[in-house]
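2 protein chains.
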Amino acid sequence: MRALPMVYLITIPELLMVTNVKEILKKNQLSITESRRKILQLFYNANDALSHADIEKLTGDDFDRVTIYRTLQTFVEKGIVHTIPTADNSVRYALCKDNCTEGHHHDNHVHFLCDECGKTYCLDHVTIPDIQLPKGFHQKQTDLVISGVCKNCD
Amino acid sequence: MRALPMVYLITIPELLMVTNVKEILKKNQLSITESRRKILQLFYNANDALSHADIEKLTGDDFDRVTIYRTLQTFVEKGIVHTIPTADNSVRYALCKDNCTEGHHHDNHVHFLCDECGKTYCLDHVTIPDIQLPKGFHQKQTDLVISGVCKNCD
DNA sequence: AAAAATTTTGCAACAAAGTTGCATTTTGGT
DNA sequence: ACCAAAATGCAACTTTGTTGCAAAATTTTT
Ligand SMILES: [Mn+2]
Ligand SMILES: [Mn+2]
Ligand SMILES: [Zn+2]
Ligand SMILES: [Zn+2]
Numbered sequence: 087m088r089a090l091p092m093v094y095l096i097t098i099p100e101l102l103m104v105t106n107v108k109e110i111l112k113k114n115q116l117s118i119t120e121s122r123r124k125i126l127q128l129f130y131n132a133n134d135a136l137s138h139a140d141i142e143k144l145t146g147d148d149f150d151r152v153t154i155y156r157t158l159q160t161f162v163e164k165g166i167v168h169t170i171p172t173a174d175n176s177v178r179y180a181l182c183k184d185n186c187t188e189g190h191h192h193d194n195h196v197h198f199l200c201d202e203c204g205k206t207y208c209l210d211h212v213t214i215p216d217i218q219l220p221k222g223f224h225q226k227q228t229d230l231v232i233s234g235v236c237k238n239c240d
Numbered sequence: 087m088r089a090l091p092m093v094y095l096i097t098i099p100e101l102l103m104v105t106n107v108k109e110i111l112k113k114n115q116l117s118i119t120e121s122r123r124k125i126l127q128l129f130y131n132a133n134d135a136l137s138h139a140d141i142e143k144l145t146g147d148d149f150d151r152v153t154i155y156r157t158l159q160t161f162v163e164k165g166i167v168h169t170i171p172t173a174d175n176s177v178r179y180a181l182c183k184d185n186c187t188e189g190h191h192h193d194n195h196v197h198f199l200c201d202e203c204g205k206t207y208c209l210d211h212v213t214i215p216d217i218q219l220p221k222g223f224h225q226k227q228t229d230l231v232i233s234g235v236c237k238n239c240d
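Chains as they are written, first to last, in this note's numbering: chain A, 87 to 240; chain B, 87 to 240.
Printed below as a string of structure tokens:
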């Protein structure tokens, strides 16, 4: 009989992670509530963007739908997460990695949507090129979303 | 008393325009119905993109909401109009000017959304630059939407 | 540590947006 | 004019998002 493969179970001390999230909330002058802690933690655990529906599923019935809407809105306002518009009309949210501040986002990176697995990626190192607009048009925000097949579904 | 300003009223013969729209429907192997004719005509009259809500207002209660949804869906499938994703999660539709065919769109131009007047422009002459994606990612569709202040609201 | 002030949450009610099934009407072809 | 196929209208339903307000939780003050 062959030996079973060795499995290393690494447990990350929750206290550390929670503290981390707490610090971020404090830094942004937000009161520490269960919903904000848990939802922000979800973003740190996920490696892709989350929709409102995703969060609703992941949190079960811990929180009311309205609370999730308001929490996401707050995070966007504070520059903690940014929104990603999609062609199918369902906004996703992802952590801001650039130093975004209250009311001012700097996430000028490209977003990728996989048609296969549905994942939304922040391509943090792919920046949006400058676009020359016709006379009279003044640019404030630019969203570049590419869809196709991701590296996992390749 | 000053003379009133001269007003030139130009009436465009409806028959001509309708025929034009009819031809486009025929070319796309779609049966000529009142809703398709009227909605397609709306797009030819408008110089900016239209949302489902816009069309609902413009057509009054001529058609059911569901018919408008289905008509737009058909137009998109046939390559007559293309969708424009927006940050506020409301899809707009605009005529395809490139030679798009059934199931294959080629509208790789930039879209502009005015924060002031809410208009959506197809910047047909501003093309989306090529984006170099990380290994393993395969590009199918690209949407570049810029928001700000348009030339009219400047 | 307790009380007061402020903020956040959950609930209910509502509005807007979109989908589906099916009977009726309209369209295109003979 | 007739028939088959396609499109429409209607009803019912789901999903998504918003608002007001009382209750609960958090922060600040004492
Ligand atoms: Mn991003
Ligand atoms: Mn366009
Ligand atoms: Zn994928
Ligand atoms: Zn404008």
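Positions of the beta carbon are idealized from the N, C-alpha and C atoms, including for glycine. Computed from a prediction, not measured in an experiment: that's the story for all the values here.
CA-to-CA distance, residue j to residue i, given in whole angstroms
i                : j                : result
Leu209 (chain B) : His224 (chain A) : 13 Å
Asp147 (chain B) : Asn131 (chain B) : 19 Å
Gly189 (chain A) : Lys112 (chain B) : 50 Å
Leu144 (chain B) : Ile170 (chain B) : 19 Å
Leu158 (chain B) : Cys200 (chain A) : 24 Å
Ser117 (chain A) : Leu219 (chain B) : 39 Å
His197 (chain A) : Gly222 (chain B) : 15 Å
Phe149 (chain A) : Tyr179 (chain B) : 36 Å
Thr119 (chain A) : Leu181 (chain A) : 19 Å
Pro215 (chain A) : Val231 (chain A) : 13 Å
Gly204 (chain A) : Lys226 (chain B) : 14 Å
Ala233 (chain A) : Gln115 (chain B) : Just to set this straight, residue 233 (chain A) is Ser in the shown sequence, not Ala. Rounded to the nearest angstrom, the two C-alpha atoms are 29 Å apart.
Cys186 (chain A) : Ile110 (chain A) : 13 Å
Phe129 (chain A) : Lys183 (chain A) : 12 Å
Cys236 (chain A) : Lys164 (chain B) : 27 Å
Thr160 (chain A) : Arg123 (chain B) : 45 Å
Ile217 (chain A) : Ala173 (chain B) : 18 Å
Asp240 (chain B) : Glu202 (chain B) : 9 Å
Arg156 (chain B) : His138 (chain A) : 27 Å
Leu101 (chain B) : Asn133 (chain A) : Its pLDDT being 48, under 50, Leu101 (chain B) is placed unreliably in this model, and the value from its coordinates should be taken loosely. Rounded to the nearest angstrom, the two C-alpha atoms are 57 Å apart.
Ser121 (chain A) : Ser121 (chain B) : 47 Å
Cβ distance (whole Å) where residue i is taken to contact residue j below 8 Å
i                : j                : result
Val212 (chain A) : His192 (chain A) : Between His192 (chain A) and Val212 (chain A) the Cβ distance is about 15 Å, and since that is not below 8 Å, they are no contact.
Ile141 (chain B) : Ile154 (chain B) : 5 Å
Val177 (chain B) : His168 (chain B) : Not quite, the Cβ-Cβ distance comes to about 10 Å (not below 8 Å), so this is no contact.
Thr228 (chain A) : Ala135 (chain A) : About 18 Å; that fails the 8 Å criterion.
Asn175 (chain A) : Asn175 (chain B) : 5 Å
Leu126 (chain A) : Val107 (chain A) : 5 Å
Simplified DSSP state of residue i, which is helix, strand or coil
i                : result
Lys60 (chain A)  : Summary: the structure shown does not reach residue 60 (chain A), with chain A confined to residues 87 through 240, and so no result is reported for it.
Ser233 (chain A) : strand
Asp148 (chain A) : coil
Ser137 (chain A) : strand
Leu209 (chain A) : strand
Gln218 (chain A) : coil
Val167 (chain B) : strand
Val162 (chain A) : helix
Phe129 (chain B) : helix
Lys226 (chain B) : strand
Val177 (chain B) : coil
Thr157 (chain B) : helix
Asn238 (chain B) : coil
Contact test: residue i Cβ vs ligand 5 heavy atom, cutoff 6 Å
i                : result
Asp193 (chain A) : Absence of ligand 5 is noted for the structure shown, with ligand 1, ligand 2, ligand 3 and ligand 4 being the only ligands found.
Pocket of ligand 4 (residues with CB nearer than 6 Å to any heavy atom), chain order: Put simply, the residues with a CB less than 6 Å from any heavy atom of ligand 4 are B:Cys200, B:Glu202, B:Cys203, B:Lys205, B:Cys236, B:Asn238, B:Cys239, in chain order.
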